[in-house]
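Q: Below is the structure I would like to discuss, written out as structure tokens.
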């Protein structure tokens, strides 16, 4: 995937930098572990610090000292997460700021303006994330609203040179997903995302939607599965043709002392690691595994040291980037399988 600020090899995993920072990581360290693109969030950045502060520095790249591509989520999912604290109408969404309680209105036009001001390389349309569970009628109404907002997003995006991605909605109903995708393709976007998954549905339902939707998506446009991030789920999705992923799982789990390895999750706080001189993963080439023992990490977590989160996050994100590299190699060799 060729973007103005660099090439992104796919399939790709995007570390999540909600507030303009991937938690516990320097931008230089992100580059070192192989990250080529990161994700920022429109909803949170427009509230704190606000685009006027970001623009004093140039754009989000300058503000956070990251010179690679950035994808920004439109804010739709965060609004969905507010539950009863928000009111959705045809025009947009009214909600209370989680920062100070002030009333904020967010619509497709505002989302596109904010993402342009942030200097995003990949802009996501403003949509409504269909809740789970939802009846067919509820999912259809939500999907149709998202389609109308998609058209408004495209018009508001205007001459912005950044890529604009549409988001397929429709709940757990393959027919609605097909309608949503057809409507988005009629509008025309630079890439297509599958939204509304990883919202509490069983894995079988998620895979069913992927099986029904992915084959219908354009082969000459990136395919992005939003918010799905378990390593085994990423593999299943890549086999089905997905190109892009994001999830807070590797960074959040790292801060909780849950470290990914080829043989499963290491819970580094457990007493079994107190005297272990082994690295987290003997096969891992990350900075953490090359320099520190499980006993040292266990000690840092027990002391609540900031370095614990830093070293754990380096390891987990390296594990994810290594997984993506392995998947790309398997695709090139023609040996990819579930």
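Residue numbers (this note's numbering): 228 to 565.
The beta carbon of each residue, even a glycine, is placed where N, CA and C say it ideally should be.
#1: Are there 16 or more other CB atoms within 10 angstroms of the CB of residue 530, so buried, or fewer, so exposed?
#2: Should residue 277 go down as buried or exposed, given a rule of 16 or more other Cβ atoms within 10 Å for buried?
#3: Apart from the five residues just before and just after residue 304, which ones in its own chain have a Cβ nearer than 6 Å to its Cβ?
#4: Would you call the CB atoms of residue 406 and residue 398 closer than 8 Å?
#5: Round the Cβ separation of residue 393 and residue 416 to the nearest angstrom and send it over; I've been treating them as touching at under 8 Å.
#6: To the nearest angstrom, how far is it from the Cα of residue 335 to the Cα of residue 450?
#7: Less than 8 Å between C-beta atoms, sequence neighbours within five positions excluded: which residues of the same chain meet that for residue 274?
#8: If distances are taken between C-alpha atoms only, which option among 528, 507, 526 comes closest to residue 518?
#9: Considering only the alpha carbon of each residue, which of 234, 259, 362, 255 lies closest to residue 546?
#10: To the nearest angstrom, how far is the alpha carbon of residue 367 from that of residue 339?
#11: Going by beta carbon distance, what residues of the same chain come within less than 6 Å of residue 420, once the five residues before and after it are set aside?
#12: Going by the CB atoms, is the gap between residue 246 and residue 271 shorter than 8 Å?
#13: Since residue 421 is in the beta strand (DSSP E), which residue starts that stretch and which ends it?
#14: If we ignore side chains and look at the alpha-carbon of each, how far apart do residue 563 and residue 342 end up?
#15: Give the straight-line distance between the Cα atoms of residue 572 and residue 504, rounded to the nearest whole angstrom.
#16: Please determine, among 497, 413, 361, 482, the residue with the shortest C-alpha to C-alpha distance to residue 426.
#17: Are at least three pairs of beta-carbons, each pair with one atom in the stretch 312-324 and one in the stretch 242-257, less than 8 Å apart?
#18: Thinking just about the alpha-carbon of each residue, which of 400, 443, 433 is nearest to the one in residue 411?
#19: Residue 268 bridges to which residues according to DSSP?
#20: Would you verify that the beta carbon of residue 547 is, or is not, closer than 8 Å to some beta carbon of chain C?
#21: Run through DSSP, which three-state label would residue 486 get?
#22: In chain order, what residues of the same chain have a beta carbon less than 7 Å from the beta carbon of residue 501, not counting five sequence neighbours either side?
#23: Would you mind working out which of 281, 234, 236, 235 sits nearest residue 248, comparing C-alpha positions?
#24: Distance check for residue 488 and residue 566, CA to CA, integer angstroms please.
#25: Cβ of residue 407 within 7 Å of any heavy atom in the ligand SAH?
#26: Please look up how many angstroms separate the CB atoms of residue 354 and residue 297, rounded, as I've assumed it's under 8 Å.
#27: Pop quiz: residue 232 and residue 295 are said to be a contact at Cβ under 8 Å. What is the actual Cβ separation, rounded to whole angstroms?
#28: For residue 329, does the count of other Cβ atoms within 10 angstroms reach 16, so buried, or fall short, so exposed?
#29: Which residue comes first and which comes last in the beta strand (DSSP E) that contains residue 331?
#30: Which of helix, strand or coil does DSSP assign to residue 584?
#31: At the level of alpha carbons, what is the spacing between residue 413 and residue 479?
#32: Based on DSSP bridge pairs, tell me the residues matched to residue 390.
#33: Looking only at C-alpha atoms, which of 456, 565, 560, 509 sits nearest to residue 242?
A: Answer, in terms of the structure:
#1: exposed
#2: exposed
#3: Here the set comprises 356.
#4: no
#5: Approximately 4 Å separates the beta-carbon atoms of residue 393 and residue 416; this is inside 8 Å, confirming the contact.
#6: For residue 335 and residue 450, the gap between their C-alpha atoms comes out near 21 Å.
#7: Setting aside the 5 residues that flank it on each side, residue 274 is surrounded in the same chain by 324, 325, 326, 331, each with a C-beta closer than 8 Å to its C-beta; the list follows chain order.
#8: 507
#9: Closest in C-alpha terms to residue 546, from the list 234, 259, 362, 255, comes 259.
#10: C-alpha separation (whole angstroms): 24 Å.
#11: For residue 420, where only same-chain residues beyond five positions count, the Cβ hits under 6 Å are 392, 394, 451, 453.
#12: Yes, these two residues count as a Cβ contact at 8 Å.
#13: Per DSSP, residue 421 belongs to the beta strand (DSSP E) from 418-421.
#14: 36 Å
#15: Because the chain in this structure spans residues 228 to 565, residue 572 falls outside the shown range and cannot be described.
#16: 361
#17: no
#18: Measuring C-alpha to C-alpha distances from residue 411 to each of 400, 443, 433 identifies 443 as the nearest.
#19: 300
#20: Within the model displayed, chain C is absent; a lone protein chain is all it includes.
#21: strand
#22: 522, 525
#23: 281
#24: For residue 566 there is no data in the structure shown, the boundaries of the chain being 228 and 565.
#25: This structure does not include the ligand SAH; it has no bound ligands of any sort.
#26: At roughly 19 Å, the Cβ-Cβ gap does not stay under 8 Å, so residue 354 and residue 297 are not in contact.
#27: 6 Å
#28: Here residue 329 is exposed, its C-beta having fewer than 16 other C-beta atoms within 10 Å.
#29: 330-333
#30: This structure cannot speak to residue 584, because the chain is shown only from 228 to 565.
#31: 38 Å
#32: 349
#33: It is 456.
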